[in-house]
Amino acid sequence: MNLCIRVHFWSFYREMTGTALAEVEVPEGATVSDVVSAVHERWPALAPLRASTLVAVGVDYAEGGQPVRAGDEVSLFPPVQGG
Amino acid sequence: MHRELILTEEPIDERAWVASRAGGVTHGAVVTFSGVVRGSEHGQPIAGLEYTAFEAMARHQFGLLLDRVAARWPVESVRLVHRMGPVSAGDVSLWVEVLAPHRAEAFAACQMLIDEMKRVVPIWKRVMERGNGGSAGRSNQSEP
Numbered sequence: 342m343n344l345c346i347r348v349h350f351w352s353f354y355r356e357m358t359g360t361a362l363a364e365v366e367v368p369e370g371a372t373v374s375d376v377v378s379a380v381h382e383r384w385p386a387l388a389p390l391r392a393s394t395l396v397a398v399g400v401d402y403a404e405g406g407q408p409v410r411a412g413d414e415v416s417l418f419p420p421v422q423g424g
Numbered sequence: 087m088h089r090e091l092i093l094t095e096e097p098i099d100e101r102a103w104v105a106s107r108a109g110g111v112t113h114g115a116v117v118t119f120s121g122v123v124r125g126s127e128h129g130q131p132i133a134g135l136e137y138t139a140f141e142a143m144a145r146h147q148f149g150l151l152l153d154r155v156a157a158r159w160p161v162e163s164v165r166l167v168h169r170m171g172p173v174s175a176g177d178v179s180l181w182v183e184v185l186a187p188h189r190a191e192a193f194a195a196c197q198m199l200i201d202e203m204k205r206v207v208p209i210w211k212r213v214m215e216r217g218n219g220g221s222a223g224r225s226n227q228s229e230p
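These protein sequence lines map, in sequence, to chains A and B.
This note's numbering puts the first sequence at residues 342 to 424.
This note's numbering puts the second sequence at residues 87 to 230.
Shown next, in the form of structure tokens:
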């Protein structure tokens, strides 16, 4: 069974994808890294930025190996620049 | 530790914030920091910067940073104000106040807060170029 994960884009990633929110499907047992890969399949322009892309699940930063669960909200964004 | 975090689209009135500082006889050090938008980026003049945030996560990450401050130093109070939206060159985009018994921990806590904010708090800025009515430019590569 596949999981439907909501993905939020922030900063100029919104312009690159043309959206602030999308849904991607990943297999049950998938990880954060799998979600990112699914995003890159749909928006290849983001793929070259993978090394600098920050990923959060909810309001906490997430490692690539972290499993995702139904209902998780994943966010992708570029390096932060406050101040 | 008292903590206040304000994310605002309104100008930061530094005098008002200083005037509202908590009274007391236990803090021997008051460190404040004002971050001001420079008028140039990479050598080119700019109109200002436009700030955006993933606000729920920004508040959460600021909270975690303040937890670290409280665990590490005997800081009595931190107040932090960060502008959102367009901010003209010359205006204050960030104001931080740290109250502590002694200057060493007040300086250290203030420095750590700002350094770590720039690493983990999801706030972004983009250049507002001059001469196009202040609309946001494409570049997101503003200087630190």
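Ideal Cβ placement from N, Cα and C applies to all residues, glycine included.
On a predicted model such as this, the values are computed, not experimentally measured, just so you know.
* To do: Quick one: which unbroken alpha helix (DSSP H) runs of 4-plus residues sit fully inside the region 152-198 of chain B? Chain order, please.
  => List check, alpha helix (DSSP H) in window: nothing returned.
* chain A partners of valine 167(B), CB-CB under 8 Å? -> Taking a Cβ-Cβ threshold of 8 Å, none of the residues of chain A is close to valine 167(B); the smallest such distance is about 12 Å.
* To do: Alpha carbon to alpha carbon, how far is glutamine 422(A) from methionine 87(B)? Give it in angstroms, no decimals.
  => Approximately 26 Å, taken between the alpha carbons.
* To do: State the DSSP-derived secondary structure class of glutamine 422(A), mapped to helix, strand or coil.
  => Coil.
* Asked: Does DSSP classify glycine 223(B) as helix, strand or coil?
  -> Note that glycine 223(B) scores a pLDDT of 42, beneath 50, so its modelled location is shaky; the value from the coordinates is reported in the next line. Three-state DSSP puts glycine 223(B) in coil, outside helix and strand.
* Asked: Cα separation between glycine 406(A) and valine 376(A)?
  -> It is roughly 11 Å from the alpha-carbon of glycine 406(A) to the alpha-carbon of valine 376(A).
* Would you check if there are 3 or more beta carbon pairs closer than 8 Å linking the region 149-163 of chain B to the region 186-198 of chain B? => Contact between the region 149-163 of chain B and the region 186-198 of chain B is established, with three or more Cβ pairs separated by less than 8 Å.
* What does alanine 386(A) pair with, by DSSP beta-bridge criteria? -> Per DSSP, alanine 386(A) has no beta bridge partner at all.
* Asked: Using the C-alpha atoms, what's the distance from leucine 152(B) back to serine 374(A)?
  -> The alpha-carbon atoms of serine 374(A) and leucine 152(B) are separated by roughly 29 Å.
* What residues in its chain sit with their C-beta under 7 Å from that of arginine 355(A), if we drop five residues either side in the sequence? -> Cβ neighbours of arginine 355(A) beyond the five flanking positions: Ala361.
* **CB of glutamate 141(B) within 8 Å of CB of arginine 165(B), strictly** => Between glutamate 141(B) and arginine 165(B), the gap from beta carbon to beta carbon reaches 8 Å or more.
* Could you list the residues in the region 375-409 of chain A with a C-beta less than 9 Å from some C-beta on chain B, going in chain order? => When CB distances to chain B are screened at a threshold of 9 Å, the residues of the region 375-409 of chain A falling below it are Leu395, Ala397, Gly399, Val400, Asp401, Tyr402, in chain order.
* Hey, out of Tyr402(A), Phe353(A), Val380(A), Thr358(A), whose CA is closest to glutamate 366(A)'s CA? -> With distances taken between CA atoms, glutamate 366(A) lies nearest to Val380(A) out of Tyr402(A), Phe353(A), Val380(A), Thr358(A).
* Buried or exposed: glycine 114(B), going by 16 or more other Cβ atoms within 10 Å of its Cβ? -> Glycine 114(B) sits exposed, since fewer than 16 C-beta atoms from the chains shown fall within 10 Å of its C-beta.
* Asked: Measuring CA to CA, which of Met214(B), Ala186(B), Val173(B) is closest to threonine 94(B)?
  -> Here the closest residue by C-alpha is Val173(B).
* To do: Return helix, strand or coil for tryptophan 210(B), following the three-state DSSP convention.
  => Three-state DSSP puts tryptophan 210(B) in a strand.
* If we call anything under 8 Å between Cβ atoms a contact, is tryptophan 103(B) one with valine 167(B)? -> For tryptophan 103(B) and valine 167(B), yes; Cβs fall inside 8 Å.
* To do: Helix, strand or coil for phenylalanine 140(B), going by three-state DSSP, please let me know.
  => When DSSP states are grouped into helix, strand and coil, phenylalanine 140(B) belongs to the coil group.
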